[in-house]
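In UniProt numbering, the protein residues as written are 1 to 427.
Comments concern the structure below.
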C-alpha cells in the first residue's frame with residue numbers, strides 16, 4: 001500500500017465548514033485572527049459574554065497545527081510544575097500550574113456543552129519511561145503533581161505492561177485528568193459553536209495589514225477589512241505575512257505522524273487497551289495512540305514533508321517493531337506534518353503590544369489544552385481588563401536571534417536521530 005500524504009483527522013472529519021472569504025467591511029467588537037484552538041476558544045467565550053466577533057482564517061478552520069495535532073488533551077506543560085514555579089516565581093507559576101492542570105476539564109466542558117463529536121476519550125494519558133533516567137524523571141513528576149493534588153499514578157511492572165501493551169517500558173505516568181480527541185473534529189466543533197452563537201467566520205481571508213485607526217483597529221485582508229475595538233492574534237506558528245512581529249518571537253519546528261490501516265486482530269487490542277494516548281521520554285520523542293477505528297498512530301519531532309515516504313515507513317516499522325513486536329506486519333496508510341512554535345525555554349509568551357491588541361505564541365507542542373485555556377483567558381481579559389484572568393503576565397516582544405538557524409539545527413538533529421532508528425543504531 002502506498003503511503004499517502006494526507007491528514008487522517010481531515011479524512012475523519014467530513015463535515016468541516018468551508019466559509020466564504022471576507023468581502024467588504026465588517027464592524028465588530030473583537031476581530032480574531034486564526035481559526036485554531038486559541039482563536040476559536042476566544043471567539044466562543046467572547047460571544048458567550050455578549051461581544052460581537054469576527055474570525056479571520058487564511059485557509060480553513062483547523063488548517064494549521066490545531067488540525068494536525070496528535071490529539072492528546074494533556075494537563076500542564078512539558079516542564080515540570082516545580083520548574084514552572086521556579087522560573088515564574090511562586091505566585092505566577094502556581095497560577096499557571098492551576099490553570100493548565102485544569103485545562104483538560106475546560107476542553108471536556110466545551111465538548112459536552114456544544115455536543116462536539118470529536119471522539120473524545122477521558123481515560124487519561126500515559127507518559128512512558130524508555131530508560132532508567134526517564135523513569136526517575138517520571139517519579140519526580142508524579143511527586144510534584146501529587147503534592148498539588150493531581151490524580152496521577154506511576155505504573156510499574158505488570159500494571160505498566162498491561163496499560164501500554166509493551167514490555168519495553170518499565171514505568172508510565174498515568175494522568176487521569178487527561179484524554180484524547182480527534183483535534184480537527186474538536187476545532188470544527190468550536191467553529192460551529194461560534195457560528196451558532198452569532199459569530200462571523202471567514203475562511204480564505206489572510207490578513208495583509210493591521211493598523212490603528214483612531215480608537216479602532218483596522219484589519220485588512222485581500223478582499224475586505226474588519227473594523228474592531230479589540231484584536232486577538234491567534235495564528236501562532238502559522239502566522240503569515242509581515243503585518244505583525246509575532247513570527248520573530250518563536251522559531252518553527254515540526255512534528256510528523258504516520259497512521260496505519262485499522263488494526264482489528266486480537267493482538268492489536270493489546271496496544272493501549274485502556275484508550276489512553278501516550279508519548280515516551282526520549283529527547284526526540286515518539287507519540288503512540290490509537291483512533292476510534294483501531295488505527296495505530298505514531299509520531300515524532302521532525303518535518304515529514306522533507307522525508308521520502310519509504311523513510312517514514314521504515315521509521316514507523318522500527319518504532320512499531322520495538323514496542324509491539326507481536327503485531328503482524330503493519331500497513332501504513334497516511335502521513336502528515338504540522339508546524340510547532342518553539343521558544344528557547346519551552347514556555348509560551350503572551351503579548352499586548354498596544355491597547356486592545358493581544359497575541360500569543362510558543363505552545364511548544366501543547367496546543368489542545370493550552371490554546372483552549374489561553375483563548376478563554378484572552379476573552380476574559382478583553383471583557384473585564386483584569387490581568388489576573390491570564391495564565392501568565394504579558395511580556396514585551398523580543399525577536400529571537402537566528403530563528404532560521406535554530407530551526408535548521410533542530411531539524412538536522414531530529415533527522416539524524418530518525419536515520420539512526422531506521423538503521424537500527426538507536427531506538
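Using N, Cα and C, we set each Cβ at its ideal position, and we do this for glycine too.
Exercise. Return the CA-CA distance between residue 461 and residue 418, expressed in angstroms with no decimal places.
Key: With the chain running from 1 to 427 in the structure shown, residue 461 is simply not present.
Quiz item: Near residue 402, which residues of its chain fall below 6 Å by C-beta distance, leaving aside the five closest residues on each side in sequence?
Solution: None.
Practice problem: Throw me the rounded Cβ distance for the residue 374 and residue 181 pair, which I believe falls under 8 Å. | Solution: The Cβ separation is near 18 Å, so there is no contact.
Quiz prompt | Same chain, Cβ closer than 6 Å to residue 64, five either side skipped, listed in chain order | solution = The residues are 36, 238.
Quiz item: Taking 8 Å as the cut-off, does the CB of residue 99 come closer than this to any heavy atom belonging to the ligand GTP?
Solution: Although the ligand GTP was asked about, the structure shown includes no ligands whatsoever.
Quiz item: Which residue or residues does DSSP assign as beta-bridge partners of residue 76?
Solution: The partner list for residue 76 (beta bridge, DSSP) is empty, contrary to what the question assumes.
Exercise. State the start and end residues of the unbroken beta strand (DSSP E) segment that holds residue 332.
Key: For residue 332, the enclosing beta strand (DSSP E) has its first and last residue at 332-342.
Self-check item: Classification of residue 90 by the beta-carbon crowding that lies within 10 angstroms, buried from 16 upward
Solution: Of the residues assessed, residue 90 falls on the exposed side of the cut-off, its CB having fewer than 16 other CB atoms within 10 angstroms.
Self-check item: Beta-carbon contacts of residue 394 that lie in its chain and below 7 Å, excluding the five residues immediately before and after
Solution: Excluding the 5 residues flanking it on each side, residue 394 has same chain C-beta neighbours closer than 7 Å at 350, 351, 352, in chain order.
Practice problem: Output the boundary residues of the beta strand (DSSP E) element that contains residue 54. | Solution: Taken as a continuous stretch (DSSP letters only), the beta strand (DSSP E) holding residue 54 covers 53-56.
Practice problem: Just the C-alpha distance for residue 10 and residue 184, rounded to the nearest angstrom, thanks. | Solution: So the two alpha carbons sit approximately 6 Å from each other.
Quiz item: What are the uninterrupted segments assigned as alpha helix (DSSP H) that are 4 or more residues long and contained completely in the region 42-126, given in chain order?
Solution: For the region 42-126, whole alpha helix (DSSP H) runs of length 4 or above, ordered along the chain, are 81-88, 90-101, 103-113.
Self-check item: Which residues DSSP lists as bridging residue 281, in chain order
Solution: Residue 281 pairs with nothing; no bridge assigned.
Exercise. Jot down the residue ranges of each uninterrupted alpha helix (DSSP H) in the region 144-178, minimum 4 residues, whole runs only, in chain order.
Key: Note on the region 144-178: whole alpha helix (DSSP H) runs with a minimum of 4 residues are 157-164, in chain order.
Exercise. Determine, using beta carbons only, whether residue 61 and residue 17 come nearer to each other than 9 Å.
Key: It is a contact, given that the beta carbons lie within the stated cut-off.
Quiz item: Could you check where the beta strand (DSSP E) with residue 272 kicks off and where it finishes?
Solution: Where residue 272 is concerned, there is no enclosing beta strand (DSSP E), given that its DSSP letter is neither H nor E.
Quiz item: In its own chain, which residues sit with a C-beta less than 8 Å from the C-beta of residue 215, not counting the 5 before and 5 after it?
Solution: Only 229 meet the Cβ criterion.
Quiz item: Taking the continuous alpha helix (DSSP H) assigned at residue 320, which residues delimit it?
Solution: Its alpha helix (DSSP H) spans residues 309-323.
Self-check item: Own chain residues within Cβ distance below 8 Å of residue 284, not counting five before or after
Solution: Close CB contacts of residue 284 within its chain, under the 8 Å cut and outside five residues either way in sequence, are with 300, 301, 302, 413, 414, 417, 418 (chain order).
Quiz item: For the region 164-174 against the region 115-135, are there 3 or more C-beta pairs whose distance is under 8 Å?
Solution: Taking a cut-off of 8 Å on C-beta distances, the region 164-174 touches the region 115-135, as three or more cross pairs fall below it.
Practice problem: From the DSSP output, read off the bridge partner residues of residue 216. | Solution: Per DSSP, 213.
Quiz prompt | Reference residue 146, options 211, 132, 97, closest by Cα | solution = Checking every option, the nearest Cα to that of residue 146 belongs to 97.
Practice problem: Give a yes or no on whether the C-beta atoms belonging to residue 253 and residue 68 are separated by under 9 Å. | Solution: No. Outside cutoff.
Quiz item: Among 167, 293, 209, which has the Cα closest to the Cα of residue 227?
Solution: The shortest Cα separation from residue 227 among 167, 293, 209 belongs to 209.
Quiz prompt | Length of the line joining the Cα atoms of residue 15 and residue 195 | solution = The alpha-carbon separation between residue 15 and residue 195 amounts to approximately 14 Å.
Practice problem: Using the Cα positions of residue 117 and residue 187, report the straight-line distance between them to the nearest angstrom. | Solution: CA-to-CA, the gap between residue 117 and residue 187 works out to about 10 Å.
Quiz prompt | residue 11 (DSSP reduced to helix, strand or coil) | solution = Residue 11 sits in a helix when the DSSP states are folded into three classes.
Quiz item: Mapping DSSP to helix, strand and coil, what is residue 25?
Solution: Residue state, collapsed to three classes: strand.
Quiz item: Nearest-angstrom Cα distance between residue 94 and residue 143?
Solution: Distance between the alpha carbons of residue 94 and residue 143 is about 16 Å.
Quiz item: Beta carbon of residue 317, beta carbon of residue 20: below 9 Å?
Solution: The criterion of a C-beta distance shorter than 9 Å is not satisfied by residue 317 and residue 20.
Exercise. Might you give, ordered along the chain, the residues of its own chain that have their beta carbon closer than 6 Å to the beta carbon of residue 178, omitting 5 neighbours on each side?
Key: Excluding sequence neighbours, residue 178 sits near 73, 74, 75, 104, 124, 125.
Practice problem: Provide the residue span of the beta strand (DSSP E) that contains residue 290, from first to last. | Solution: Counting along the chain, the beta strand (DSSP E) containing residue 290 begins and ends at 286-290.
Quiz item: Going by alpha carbons, who is nearest to residue 296 out of 286, 305, 304?
Solution: Between residue 296 and the set 286, 305, 304, the nearest pair of CA atoms involves 286.
Self-check item: Rounded Cβ spacing between residue 232 and residue 358 (contact assumed at less than 8 Å)
Solution: Rounded to the nearest angstrom, the Cβ distance from residue 232 to residue 358 is 6 Å, consistent with a contact under 8 Å.
Quiz item: Going along the chain, which residues of its own chain have a beta-carbon closer than 6 Å to the beta-carbon of residue 314, five neighbours each way excluded?
Solution: The residues are 422.
Practice problem: Give a yes or no on whether 9 Å exceeds the smallest Cβ distance from residue 168 to chain D. | Solution: Absent from the structure is chain D; it holds one protein chain and no more.
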